[in-house]
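Colleague:
Residue numbers (this note's numbering), protein chains in the order written: chain G, 5 to 461; chain E, 46 to 102.
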């Protein structure tokens, strides 16, 4: 292979082709073994239809073989994805929409004589607020009588995690980190409550599926029993109905009503909003990361031309923010469930398939509001560690300091020894001054809190 | 046609699709029959409670 090109470490499973980078541009190599499938994908109008419906990442075709490989058929240049995210970072509704998109794509493919040969959230990315299939080589020619090869993968990657979140609580979503290739039915079924056995779709797709897993009887072998096109359409429709019917019961967590709580006055909220708005209006930026974004009130203050990543460890907050963004058609913000103290690690083969969260990119601006006390006091992270972390993440920092006398901090210290003698405004400033230049310092009305604006030295 | 089967579908998962297909086929058969009987006896009207129940599982 050509020395100048670098095959993407996550693109090795499918022999039909692979993703590589050359001079900072991402390309897709399509092998001659995929030629007939690719021809059908384009000649049937399927790719054009899916791109038009925002279900498939747009790409352009290049007649240039960068790789020097003899099995080259065509080179594709996919549209650049603004920010990579993975299923374990998505909220319930994001995974549900990704599942819906996968099923819609498969149904559209079947109508054009093709089918999805894989169905994993690893092939879906949120682009302009919409879940899109990024793997152009996921389609294969449908052969009459063949079952849907990606059925099990779909259940394990989409249906089972959604059912676990719905019936066992949002925290169950974290199991996806343990099972990045999908939660097997044998793991999901015993965790689901008995009542799910009484629901025909869930019984069939999960409970019965778990019983059948690994069965290798002669009758189970490929080809002996036929599954018609109509059967697959019915299975896809049934999965769609089953997933559409899954909704979360509204719950109030400690966080999803943070700014509605009486402890924090209206005056405080509005004053903070004005200060942050004014700062954002003054500075130049094209990318923002909002850490501890809660329900996104402050992410929404960023200009629409910028890429905004809004993170919070509370899945319910991110879910409600995602639904709000979808409703208001604000596509520049990507909300993600990230626990700052345990951010998504590098995963997969050789730790290289899925990049760690904070290694993906640095940002022009970092917004860290009502956050520092949680990290410093609940998680015992020192100001020096925090300052070094912010310096590695961003060029400009909008950060709120919550002093010890603040009722929230007092509440946190109510049941534990105050070992935080160093938790003072002076120590906070001293730590940040090692990396940043203080540009602005403003008291926030209605509270004893302070808003700082720093620029990296 | 050469299929590029790099994914293991799992033999149990293949069999379960045959079973699910059969179950859904039966449900579809009865639904169609039931809708035919209903349309035979009733005048066209907006969605009834029965329809709503049938559409959920």
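Backbone N, C-alpha and C fix where the C-beta goes; we use that ideal spot for every residue, glycine too. If you're wondering where the values come from, they're calculated on a predicted model, not measured in any experiment.
Starting from the N-terminal side, write out each stretch of the alpha helix (DSSP H) that is 4 residues or longer and does not extend beyond the segment 290-351 of chain G.
Modeller: 319-331
Colleague: Note down the Cα distance separating residue 32 of chain G from residue 22 of chain G, rounded to an integer number of angstroms.
Modeller: 6 Å
Colleague: Just curious, the alpha helix (DSSP H) that residue 106 of chain G is in, first and last residue?
Modeller: 96-115
Colleague: Looking at the unbroken beta strand (DSSP E) that takes in residue 51 of chain G, where does it start and where does it end?
Modeller: That residue, residue 51 of chain G, is in no beta strand (DSSP E); its alpha helix (DSSP H) goes 50-56.
Colleague: Along chain E, which residues have their Cβ under 7 Å away from the Cβ of residue 208 of chain G?
Modeller: What residue 208 of chain G touches in chain E: 65, 68.
Colleague: Which of the three DSSP states is assigned to residue 27 of chain G in this structure?
Modeller: Of the three classes helix, strand and coil, the one that applies to residue 27 of chain G here is coil, per DSSP.
Colleague: What residues of chain G sit near residue 74 of chain E, judged by a beta carbon separation below 9 Å?
Modeller: Ordered by position in chain G, no residue passes the 9 Å Cβ test against residue 74 of chain E, which lies about 11 Å from the chain.
Colleague: For residue 356 of chain G, return the contacting residues in chain E, with the cut-off set at a CB-CB distance below 9 Å.
Modeller: Neighbours of residue 356 of chain G on chain E: none; closest Cβ ~19 Å, over 9 Å.
Colleague: Cutting at 6 Å between CB atoms, please list the residues of its own chain near residue 403 of chain G, excluding the five before and the five after it.
Modeller: 372, 456
Colleague: Sorted by chain position, which residues of the same chain lie with C-beta nearer than 8 Å to residue 129 of chain G's C-beta, five sequence neighbours on each side aside?
Modeller: 61, 85, 88, 89, 135, 136, 138
Colleague: Mapping the DSSP letters down to three states, classify residue 407 of chain G as helix, strand or coil.
Modeller: coil
Colleague: DSSP state of residue 130 of chain G, grouped into three classes?
Modeller: strand
Colleague: Please determine if the segment 239-254 of chain G and the segment 204-212 of chain G are in contact, where contact requires at least 3 C-beta pairs separated by less than 8 Å.
Modeller: Taking a cut-off of 8 Å on C-beta distances, the segment 239-254 of chain G touches the segment 204-212 of chain G, as three or more cross pairs fall below it.
Colleague: Please list the residues of the segment 411-428 of chain G that have a C-beta atom closer than 9 Å to any C-beta atom in chain E, keeping them in chain order.
Modeller: Of all residues in the segment 411-428 of chain G, none has a C-beta nearer than 9 Å to a C-beta of chain E.
Colleague: Quick one: what does DSSP say residue 35 of chain G is sitting in, helix, strand or coil?
Modeller: strand
Colleague: Please list, in chain order, the chain C residues whose beta carbon lies closer than 9 Å to that of residue 76 of chain G.
Modeller: The structure shown contains no chain C; its protein chains are G and E.
Colleague: Can you find a C-beta in chain E that's less than 8 Å from the C-beta of residue 212 of chain G?
Modeller: yes
Colleague: Using alpha carbons as the reference points, say which of G:435, G:359, G:386, G:280 lies closest to residue 91 of chain G.
Modeller: Among G:435, G:359, G:386, G:280, the Cα nearest to that of residue 91 of chain G is on G:359.
Colleague: Less than 8 Å between CB atoms is the rule here; does residue 58 of chain E satisfy it with respect to chain G?
Modeller: yes
Colleague: For residue 239 of chain G, decide whether its Cβ has a neighbour in chain E, counting only Cβ atoms nearer than 8 Å.
Modeller: The beta-carbon of residue 239 of chain G is placed less than 8 Å from the nearest beta-carbon of chain E.
Colleague: Please name the residues in the segment 106-121 of chain G whose beta-carbon is closer than 9 Å to at least one beta-carbon of chain E, in chain order.
Modeller: 121
Colleague: Please state whether DSSP places residue 122 of chain G in a helix, a strand or coil.
Modeller: coil
Colleague: Which residues does DSSP pair with residue 441 of chain G in a beta bridge?
Modeller: In the DSSP output, where bridge partners are listed per residue, residue 441 of chain G has G:459.
Colleague: Starting from residue 182 of chain G, follow the alpha helix (DSSP H) in both directions and report where the run begins and ends.
Modeller: Taken as a continuous stretch (DSSP letters only), the alpha helix (DSSP H) holding residue 182 of chain G covers 179-182.
Colleague: By DSSP, does residue 223 of chain G sit in helix, in strand, or in coil?
Modeller: The predicted model places residue 223 of chain G with a pLDDT of 47, which falls under 50 and marks its position as unreliable; any figure quoted below should be read in that light. Helix.
Colleague: Anything in chain E within Cβ reach of residue 235 of chain G, meaning under 9 Å, just list it in chain order.
Modeller: Those are 62, 63, 65, 66, 67, 69, 70, listed as they occur along chain E.
Colleague: DSSP puts residue 367 of chain G in a beta bridge; with which residues?
Modeller: G:398
Colleague: Run through chain E and tell me which residues come within less than 7 Å of residue 242 of chain G, C-beta to C-beta.
Modeller: 69
Colleague: Candidates G:363, G:409, G:406: which alpha carbon is nearest residue 398 of chain G's?
Modeller: The option with the nearest alpha carbon to residue 398 of chain G is G:363.
Colleague: Does any CB atom of chain E fall closer than 8 Å to the CB of residue 353 of chain G?
Modeller: no
Colleague: Got a sec, what are the start and stop residues for the beta strand (DSSP E) residue 64 of chain G sits in?
Modeller: Segment 63-66, the beta strand (DSSP E) holding residue 64 of chain G.
Colleague: From residue 112 of chain G to residue 82 of chain E, what does the alpha carbon distance come to, in whole angstroms?
Modeller: 32 Å
Colleague: Got a sec: is the Cβ-Cβ distance from residue 92 of chain G to anything in chain E below 8 Å?
Modeller: no
Colleague: I want to see whether chain E comes within less than 8 Å of residue 151 of chain G, judged by CB atoms only; does it?
Modeller: yes
Colleague: Excluding five sequence neighbours on each side, which residues of the same chain lie with their C-beta closer than 7 Å to the C-beta of residue 170 of chain G?
Modeller: 250, 252
Colleague: Consider the Cβ of residue 155 of chain G: report whether some Cβ of chain E lies at a distance smaller than 8 Å.
Modeller: Taking CB atoms only, residue 155 of chain G has a neighbour in chain E less than 8 Å away.
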